[in-house]
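Number of protein chains: 2
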Amino acid sequence: MIKEWVKGKKPDDEVLAARLEKARYELAKRQQMIKEKKLPVLVVLDGWGAAGKGSVLGRIIKNLDPRFFKTFTLTKASEEEKRRPFLYRYFNKIPEAGKIVFFDGSWMDEVTRGYLKGTVKPKEYEKRLESIKRFERQLNDNGYLVVKFFFQIGQEEQRLRLKRLKEDKNTGWRVDKWDEWQNRHYDRCMEVYDKYLDATNQFIAPWYFVDSKNRKWAELQVTELLVQSIDIALKNAGRSVPILQNTFPLVKMPLLSEISLDQKVEDAKYRQELDRLQKRLSELHNEIYHKKIPVIIAYEGWDAAGKGGNIKRLAAALDPRGYEVHPIASPEPHEKSRHYLWRFWTRLPKKGHIAIFDRTWYGRVMVERLEGFCSENDWQRAYTEINEFEKELDDWGAVIVKFWVQIDQDTQLERFTDRQNTPEKQWKITDEDWRNREKWDQYEVAVNEMIQKTSTEFAPWHILESNDKHYARLKALETVIAAIEQRLKK
Amino acid sequence: MIKEWVKGKKPDDEVLAARLEKARYELAKRQQMIKEKKLPVLVVLDGWGAAGKGSVLGRIIKNLDPRFFKTFTLTKASEEEKRRPFLYRYFNKIPEAGKIVFFDGSWMDEVTRGYLKGTVKPKEYEKRLESIKRFERQLNDNGYLVVKFFFQIGQEEQRLRLKRLKEDKNTGWRVDKWDEWQNRHYDRCMEVYDKYLDATNQFIAPWYFVDSKNRKWAELQVTELLVQSIDIALKNAGRSVPILQNTFPLVKMPLLSEISLDQKVEDAKYRQELDRLQKRLSELHNEIYHKKIPVIIAYEGWDAAGKGGNIKRLAAALDPRGYEVHPIASPEPHEKSRHYLWRFWTRLPKKGHIAIFDRTWYGRVMVERLEGFCSENDWQRAYTEINEFEKELDDWGAVIVKFWVQIDQDTQLERFTDRQNTPEKQWKITDEDWRNREKWDQYEVAVNEMIQKTSTEFAPWHILESNDKHYARLKALETVIAAIEQRLKK
Numbered sequence: 074m075i076k077e078w079v080k081g082k083k084p085d086d087e088v089l090a091a092r093l094e095k096a097r098y099e100l101a102k103r104q105q106m107i108k109e110k111k112l113p114v115l116v117v118l119d120g121w122g123a124a125g126k127g128s129v130l131g132r133i134i135k136n137l138d139p140r141f142f143k144t145f146t147l148t149k150a151s152e153e154e155k156r157r158p159f160l161y162r163y164f165n166k167i168p169e170a171g172k173i174v175f176f177d178g179s180w181m182d183e184v185t186r187g188y189l190k191g192t193v194k195p196k197e198y199e200k201r202l203e204s205i206k207r208f209e210r211q212l213n214d215n216g217y218l219v220v221k222f223f224f225q226i227g228q229e230e231q232r233l234r235l236k237r238l239k240e241d242k243n244t245g246w247r248v249d250k251w252d253e254w255q256n257r258h259y260d261r262c263m264e265v266y267d268k269y270l271d272a273t274n275q276f277i278a279p280w281y282f283v284d285s286k287n288r289k290w291a292e293l294q295v296t297e298l299l300v301q302s303i304d305i306a307l308k309n310a311g312r313s314v315p316i317l318q319n320t321f322p323l324v325k326m327p328l329l330s331e332i333s334l335d336q337k338v339e340d341a342k343y344r345q346e347l348d349r350l351q352k353r354l355s356e357l358h359n360e361i362y363h364k365k366i367p368v369i370i371a372y373e374g375w376d377a378a379g380k381g382g383n384i385k386r387l388a389a390a391l392d393p394r395g396y397e398v399h400p401i402a403s404p405e406p407h408e409k410s411r412h413y414l415w416r417f418w419t420r421l422p423k424k425g426h427i428a429i430f431d432r433t434w435y436g437r438v439m440v441e442r443l444e445g446f447c448s449e450n451d452w453q454r455a456y457t458e459i460n461e462f463e464k465e466l467d468d469w470g471a472v473i474v475k476f477w478v479q480i481d482q483d484t485q486l487e488r489f490t491d492r493q494n495t496p497e498k499q500w501k502i503t504d505e506d507w508r509n510r511e512k513w514d515q516y517e518v519a520v521n522e523m524i525q526k527t528s529t530e531f532a533p534w535h536i537l538e539s540n541d542k543h544y545a546r547l548k549a550l551e552t553v554i555a556a557i558e559q560r561l562k563k
Numbered sequence: 074m075i076k077e078w079v080k081g082k083k084p085d086d087e088v089l090a091a092r093l094e095k096a097r098y099e100l101a102k103r104q105q106m107i108k109e110k111k112l113p114v115l116v117v118l119d120g121w122g123a124a125g126k127g128s129v130l131g132r133i134i135k136n137l138d139p140r141f142f143k144t145f146t147l148t149k150a151s152e153e154e155k156r157r158p159f160l161y162r163y164f165n166k167i168p169e170a171g172k173i174v175f176f177d178g179s180w181m182d183e184v185t186r187g188y189l190k191g192t193v194k195p196k197e198y199e200k201r202l203e204s205i206k207r208f209e210r211q212l213n214d215n216g217y218l219v220v221k222f223f224f225q226i227g228q229e230e231q232r233l234r235l236k237r238l239k240e241d242k243n244t245g246w247r248v249d250k251w252d253e254w255q256n257r258h259y260d261r262c263m264e265v266y267d268k269y270l271d272a273t274n275q276f277i278a279p280w281y282f283v284d285s286k287n288r289k290w291a292e293l294q295v296t297e298l299l300v301q302s303i304d305i306a307l308k309n310a311g312r313s314v315p316i317l318q319n320t321f322p323l324v325k326m327p328l329l330s331e332i333s334l335d336q337k338v339e340d341a342k343y344r345q346e347l348d349r350l351q352k353r354l355s356e357l358h359n360e361i362y363h364k365k366i367p368v369i370i371a372y373e374g375w376d377a378a379g380k381g382g383n384i385k386r387l388a389a390a391l392d393p394r395g396y397e398v399h400p401i402a403s404p405e406p407h408e409k410s411r412h413y414l415w416r417f418w419t420r421l422p423k424k425g426h427i428a429i430f431d432r433t434w435y436g437r438v439m440v441e442r443l444e445g446f447c448s449e450n451d452w453q454r455a456y457t458e459i460n461e462f463e464k465e466l467d468d469w470g471a472v473i474v475k476f477w478v479q480i481d482q483d484t485q486l487e488r489f490t491d492r493q494n495t496p497e498k499q500w501k502i503t504d505e506d507w508r509n510r511e512k513w514d515q516y517e518v519a520v521n522e523m524i525q526k527t528s529t530e531f532a533p534w535h536i537l538e539s540n541d542k543h544y545a546r547l548k549a550l551e552t553v554i555a556a557i558e559q560r561l562k563k
């Protein structure tokens, strides 16, 4: 299908030169507008080896202000990157607001190459197509412009170009085995590319098929389409995005008000159980390390609910070389100027490691919602975006455990008062805690909505009843142990 | 992929009964809200023969107010429908604002069945998938809720059900040959369905996979998902929709101000040529009738530009049994309460016929834009929507000719004055014409934007320079003749 989309016909050289000059000028102007309007732009150049992606890119950036764009040539994933979800290295590199990022080769290349070589199996491939569609749509929904070009040349043209490149000592190194494999299996590749382009050709991020036989003509097509795309994106800037239907299977969860909080553990029992569970978790940590299973543990809960102490007891069981605790505060400027999940994507553990998040991406639908740090449209969209994020983690093979640490209002007041009156605990209580406490009811509405909408079958919430902190600590250990054991059984 | 989405597990009978009662009540409440908020809802039930779509639908509508919903059982297209684009009979039946339409079987059934039987070829099939995606997205963008269910049962279960139905005299008639074919070729069908569901599983109109082994459980899934979908759609109501990137190849067109209007034809030449061209068109009309090629001719232009007289000369060449002129005024209430293209879809000619539109769907980006009859978001979106509409016509095999009848302001004033001063022409001039004339400059901006953005390679605009009406009439005839001749050569 996509093959039918070649845009227009190459104009005469004179017309081409004039249009190119104008288009370059217009694009330079657009860079200013992007900067002013804080639009983040991601440009993806994919296509056949030797189709001229690199040289077109080289020409285009000549006219741009280097402070406001970056280019990445995406070859093979590094060892570090291979131990992360496959989108990790791309999510990592998304532009800041007001800047352009050019990818010379993208997730398309990685995924189709793996599929063609048989290292990515058909089922896995289908899953990745879904992931890619979600990724591109999420970027778009969060205000990014994503423009995708596929550079097209015929088999014979590619063969000739590769031959010419090889014969020249200065360019011979640019021809790798993959390019030659591609040329020999041109039809098979085209079939796979065609299906890929079709499958990922979304209304919000369509593919543009670039006739690449002539370098200047290719540059003109890319430049004009970039200008056009930026103009439309600027028109869309700030427009609210329709909320999507939920398509994730949800687990039925209780409301906070329905949760009983009178569980208690005796001291002796607590110490004995804590010891036993920590030993078991320690064993499991070894096992997941060897089996390269990543584990993500997320903590949310009321102030003074006992998150810190709870995490401490969990961490105490773990080998420090294999886990990390990420305390999450408000985002830094460089984090704020990107997709709100960026700072979590970049903090994902390696396979075999454990990441514990002390507060999480759920800030979007709690504090950011209630304090107005994002728009209503933003937090309403976030339930699906977060479910999609966790689906990525699940597809990757991660164990995901999400805790809501629950106490009642009286218990919070007691603990606040105790903190205020105990000199060595005073650092733990701030004016903000008191202010948040006044908004308890609003928070309860938000937390209930969050738990109902994000308890998916692959990443359900677990409630830790924490009026008795000892009870909550044991339950946390038990829950993590059960989740890991279940995964190991698979 | 889609097969992994089965929603949850069937609860115990008691829980199921309680949830079902609640869900039915909630859905009835939603019907009221739909009515109040003027939300149009399109529910599609697809799936295996004997999976129970009909009986679930029967249960669901029992609790609804019959004044505000309709059901259609979509079996084979009628002869009338077969002579129209394949989406015609579905577009025809879309709900009015505030109402629900249920489709028992949809475009999915028609298209996959054709593909399985070999009557829809692979290339055509791919095109139809694109058409379906655009159709569903356009409905969504225009405020429709589209909910799609696929009823799933296994091969053995289907076989048993078909056997049971056949054995009973009262139900035997319900089993048709197709159901049995489907059951015998279950795996092949599943493969095709799976790909179809994947390809058309859009974020804005996802598929829900209904586990249909148990009737009540199937009803519960459908009812709960309907309630959930309606709630989200109500939240989205009135939200502006992001404008899409253009993906259609455009033809470069001049601005109105660049068009020279001093062409002239002498009287004798005019009469001679008119006669010759009308004869030729008349021959061609015969030919397209026999070859079953549909022709769509669209007229837009300034008031008093001479559209009426121009159309008359064209129509004079045609056999009245094979063409229709559609004068387009402002929409009736039942047209206004549907997608703005509905009244044009329903006026499409049969194959082999000619439809002439005196004013068109371009009203959206001219009068509706300038008079505020639609929102800015609506008309900005319309360029792509109209290109997509014309792409449907092109895919269907239609010849599309679009005329902009151009005059200058002085000529218009002359003609207005003449009309005013000539008793038998006075009906042709109204206060509105004078008011429109005052907005000439605004209209010119809109017309220029329209011509630039909707001159696609498959449906370009043609300018009729009409200061000399005779010249314009000959050019119209020539243009139509050339377009038909070109199509006949293919």
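Same order as they appear, the protein sequences are chains H and X.
Residues 74 to 563 in this note's numbering are what the first sequence lists, from first letter to last.
Residues 74 to 563 in this note's numbering are what the second sequence lists, from first letter to last.
Even for Gly, the Cβ is constructed at its ideal location relative to N, Cα and C.
Rounded C-alpha distance that separates residue i from residue j
i, j, result
"E360/H", "A388/H", "16 Å"
"M74/H", "D182/X", "Only weak support exists for where M74/H lies, its pLDDT of 49 falling under 50; the value from the coordinates is given anyway. Distance between the alpha carbons of M74/H and D182/X is about 22 Å."
"F175/X", "R546/X", "47 Å"
"K143/X", "E538/H", "50 Å"
"V295/H", "S179/H", "16 Å"
"H363/H", "K424/H", "10 Å"
"I502/X", "N509/X", "12 Å"
"W452/H", "E203/X", "32 Å"
"G191/H", "T457/X", "39 Å"
"L118/X", "K126/X", "6 Å"
"E373/H", "K526/H", "15 Å"
"L421/H", "S333/H", "34 Å"
"E346/H", "A555/H", "15 Å"
"Q255/X", "R394/X", "42 Å"
"A123/H", "T146/H", "14 Å"
"Q515/X", "I459/X", "21 Å"
"N213/X", "R454/X", "12 Å"
"V398/H", "Q351/H", "17 Å"
"R344/X", "N215/X", "48 Å"
"Q499/X", "D506/X", "12 Å"
Within chain H, the residues that residue i reaches when beta carbons sit closer than 8 Å
i, result
"K308/X", "I316, Q453"
Contact set between residue i and chain H, taken where Cβ atoms lie within less than 7 Å
i, result
"I305/X", "I316, Q318"
"R312/X", "S313, P315"
Chain X contact residues for residue i, given Cβ-Cβ distances below 9 Å
i, result
"Q301/H", "Q318, N319"
Contact list for residue i against chain X, beta-carbon separation under 8 Å
i, result
"R261/H", "Correct list: empty, because the minimum Cβ distance to chain X is about 17 Å."
Proximal residues, the region 273–294 of chain H versus chain X, C-beta separation under 9 Å: N274, Q275, F276, I277, A278, P279, W280, Y281
Cβ pair count under 8 Å reaching 3, the region 300–320 of chain H against the region 225–243 of chain H: no
Any contact of the region 540–558 of chain H with the region 331–346 of chain H, i.e. 3+ C-beta pairs under 8 Å? yes
Report the start-end ranges of each alpha helix (DSSP H) in the region 445–504 of chain H that is 4 residues or longer and not cut off at the edges. 449–469, 482–494
Positions along the region 124–136 of chain H whose CB lies within less than 8 Å of some CB in chain X: none
Below 7 Å between beta carbons is the criterion; list the residues of the region 209–230 of chain H that meet it against any residue of chain X, in chain order. R210
Whole beta strand (DSSP E) elements within the region 234–305 of chain X, 3-residue minimum: 280–284
Examine the Cβ distances between the region 237–246 of chain H and the region 278–285 of chain X and report whether three or more of them are shorter than 8 Å. no
Do the region 163–177 of chain H and the region 409–419 of chain H make contact, defined as three or more Cβ pairs closer than 8 Å? yes
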